[in-house]
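Input: a single structure, listed below in structure tokens.
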Amino acid sequence: MADPVQLLAERFRAAIDRTFPQAAGADPLITPCKSPEIGDFQSNAAMGLGKRVGKNPREVAAALVQAVDLAGLAEPLTDKSIAGPGFINIRLRPAALRDALSAMDTAGLGIETPADRRTVVVDLMGVNLAKQMHVGHLRSPVIGDCLARTFERLGHAVIRQNHVGDWGLPIAMVTRRIADQAARGVISLDSLTLDDLDAAYKTAQAECERDIAGLEAVKRYGLGPKALAELEEQVNGATESFTAARQTLVKLQAKDPAVYRVWQRIYDVTMKVCLDVCAALHVNCTAEANAGESSYADELAPMVDDLVARGVAVPDQGALIVRVDAPDKAADGTPMWEPIKEPCLVRKSDGGFLYATTDICAVRRRVQKLGAHEIVYAIDARQNLHIRQFAAAAIKAGYAIHPKTGRPARIAHAAFGAVLGEDGRPFKTRSGESVKLADLIAEMFARAANAVQTRSPELAGDDARRVAEAVGIAALKYGDLSTDRVKDYMFGFDRLLSFEGNTGPYLLYAFVRIRSIFRKAAERGVGDGWKAAPFACDLPAEKNLALALLRYPGAVRGVADTLEPHRLCQYLYDLAGVFSTFFDQCPVLAAETPAQRDGRLRLCDLAGRVLADGLGVLGIPTVERM
Ligand code: ARG
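Throughout the sequence shown, residue numbering follows this note's numbering, covering 1 to 626 in sequence.
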């Protein structure tokens, strides 16, 4: 174990148990010091302990300072170590830092295989058939893939699921329209594009009347925008198109070959664009992740029957609902979900199933068949109520109870805000249309290529292309991941592409700078003796770099615990800053002695690997030079 926080916590815990047995087990509350002049770490335990044992916190701190044994780890504590109301400041010994760094200097960079290896399903992407992908579709794959990579990096088993919106009446409408046009020879199925489908989708929708009753139900049950959109499309008016769409749906459900072939074509055209976008962005989401709504279609009716048979779903004005306002209690008496007053609608009065029905079914498959201990949904913040509703219903139904642990899977919403233009309004083209995601990516890559050309004219051909791609991906993904995800963020090519400030290109560049130190070292004939040299940890800038490096495993774990990638971004940005100060203050190749040079080279190497590894967790590839 390399983490100084944990090492210090162990020593302090022992001291607390011995000195204040009445508060045995109390958390020593070790945190990094805010400013390095005061110390490296501090214990904030005395204040809470004082309350518990009825003593002045400074007295408690003095007793702890006497009792704690930090031999080999930190400088001895004295009364001067106590500050303010009872903070205890701790300074690590360089030798202890060196040991901790050596322990971290493995392939795993201090991230150990977890004792409780979990299966985590990450729900990402979730595009809808026949709809063009625009900038709004950027966030789910980028955030979802980063979270998936985080769990993978920590050693958990990850299953990505692309919950494609590929079923239901809206899809039948567009299928019917395309089948019609193909039959009349207006379009050819072979040369169909997603733009054609998008247009057909909109026309098909407009051909049908709105379902007033359905819309009222949506309002009554407080369902989210997806359900609203769905119901806006699921019309009840007996228009010709509507009737035809209904018939198409029936044929689709029966896998009628002619209709199914058209649907399959729509599916393939949509998925090609979707998976191409993923590949271009280095988002690890392939056809293997596809588990669309259609894959649940046959399971819905029997599932709802099961819910009714067990009294989980109950009739309400002709529809079937699951009430989730009074949570069931676990064996230990704790409520199994937060109460939600709006019930979860699982079957409409016309017999149709809903978005939520499919999502309950997906929880069942993910937990019961795939073995998920945890399901993470990378979905728009506006769908929060929907997620809480179906999660509660799935828990109530017992579907979310893990077959091995007997406990409900953790169902978490990694909610995100919107992508705004620089005017603070939804990101649009000048003429007010939404921007195709493929165009946006192409433009970012083109601008990245320009920037790389200007900065490094010596790069050419494949090298230049690879660097431009890495810079473009870094700009786009880091821009998306580095702000608190629930907030909206402003998209601006120039800002995201900047090589200065908290941006992806800046971090890539920080990594490249480190790599160039090693190229220069090789040119100057410095051998690789540094690999076995003791880390340089004596000067303040060296120590700060060492301390920053040691925080890496905690930073990755922090993302898994909070589902907040911006924490890792902030860590990497801080690390790059600390490295840059180190590099300014501590000559590496021009160090005073070969031993000092080697100790610093070893620090540089670890810093480079941590940066690359962290960028890898964010889903950003690195390059050796740029
Ligand atoms: N297709 C949905 C939409 O467009 C997103 C799917 C998200 N995943 C899920 N399991 N509901 O809003």
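By construction, the Cβ of each residue, glycine as well, lies at the ideal position given by its N, Cα and C atoms. Computed from a prediction, not measured in an experiment: that's the story for all the values here.
Check                                                                                                     : Outcome
According to DSSP, residues forming a beta bridge with E500                                               : E500 pairs with nothing; no bridge assigned.
Residue from D276, V277, A206 with nearest C-alpha to A245                                                : A206
Contact under 7 Å by Cβ, M490 with E443                                                                   : no
G136 CB to nearest heavy atom of the ligand ARG below 6 Å                                                 : no
beta-carbon K202 near the ligand ARG non-hydrogen atom, thresh 6 Å                                        : no
Proximal residues to Q132 (C-beta, below 7 Å), its chain only, five neighbours per side dropped           : L194, D195, D198, K436
Residues that N128 bridges to, as DSSP identifies them                                                    : G165
H163 Cβ short of 6 Å to the ligand ARG heavy atom set                                                     : yes
Assigned exposure category for Q161 - 16 Cβ within 10 Å defines buried                                    : buried
Residues bridged to V329 (per DSSP)                                                                       : Val is not the amino acid found at residue 329; the sequence shown has Lys there. Per DSSP, P335.
For H413, the residue or residues it bridges with in DSSP                                                 : Y377
Extent of the continuous alpha helix (DSSP H) run through R551                                            : Neither: R551 is in no alpha helix (DSSP H) and is coded neither H nor E.
Nearest neighbour of D25, chosen from D3, L49, I38, R551 [CA to CA]                                       : Inspection of the sequence shows that residue 25 is occupied by Gly rather than by Asp. Closest by alpha carbon: L49.
Validate contact between the segment 288-298 and the segment 358-368 using beta carbons, cut 8 Å, 3 pairs : yes
Collapsed DSSP secondary structure at Q317 in the structure displayed                                     : coil
Same chain only: Cβ atoms within 8 Å of A179, ignoring 5 sequence neighbours per side                     : T248, A258, V259, V262
L226 Cβ short of 6 Å to the ligand ARG heavy atom set                                                     : According to the sequence as given, residue 226 is Lys; it is not Leu. K226 Cβ: within cutoff of the ligand ARG.
Inter-residue spacing [alpha-carbon to alpha-carbon] between S431 and A468                                : 28 Å
Distance, A560 Cα to A397 Cα                                                                              : 27 Å
Run of the alpha helix (DSSP H) containing C146, from where it starts to where it stops                   : 139-153
I212 versus V5: straight-line alpha-carbon distance, rounded                                              : Confidence in I212 is poor, its pLDDT being 49 and thus under 50, which makes the residue's placement too unreliable to answer from.
Buried or exposed by the 16-neighbour rule on C-beta atoms within 10 Å, applied to G72                    : exposed
Contact under 7 Å by Cβ, Q383 with K226                                                                   : yes
Distance cut-off 6 Å: D166 Cβ against heavy atoms of the ligand ARG                                       : no
Classification of T243 by the beta-carbon crowding that lies within 10 angstroms, buried from 16 upward   : exposed
Per DSSP, cross-strand counterpart(s) of K428                                                             : S434
Per DSSP, the bridge partner or partners of R495                                                          : According to DSSP, R495 bridges with nothing at all.
Whole-angstrom distance between A172 and A238, CA atom to CA atom                                         : Reliability fails at A238, whose pLDDT of 40 lies under 50, so the model's placement of it is uncertain and no value is given.
Neighbour-count burial assignment, P505, 16 or more Cβ in a 10 Å radius                                   : buried
Limits of the unbroken beta strand (DSSP E) element including R347                                        : 344-347
Reduced DSSP secondary structure (H/G/I, E/B, other) of P408                                              : strand
First through last residue of the alpha helix (DSSP H) which encompasses N56                              : From DSSP, N56 is part of no alpha helix (DSSP H); its letter is neither H nor E.
Cβ-Cβ distance between P472 and A510 below 7 Å                                                            : Pro is not the amino acid found at residue 472; the sequence shown has Gly there. The answer is no: Cβ separation not under 7 Å.
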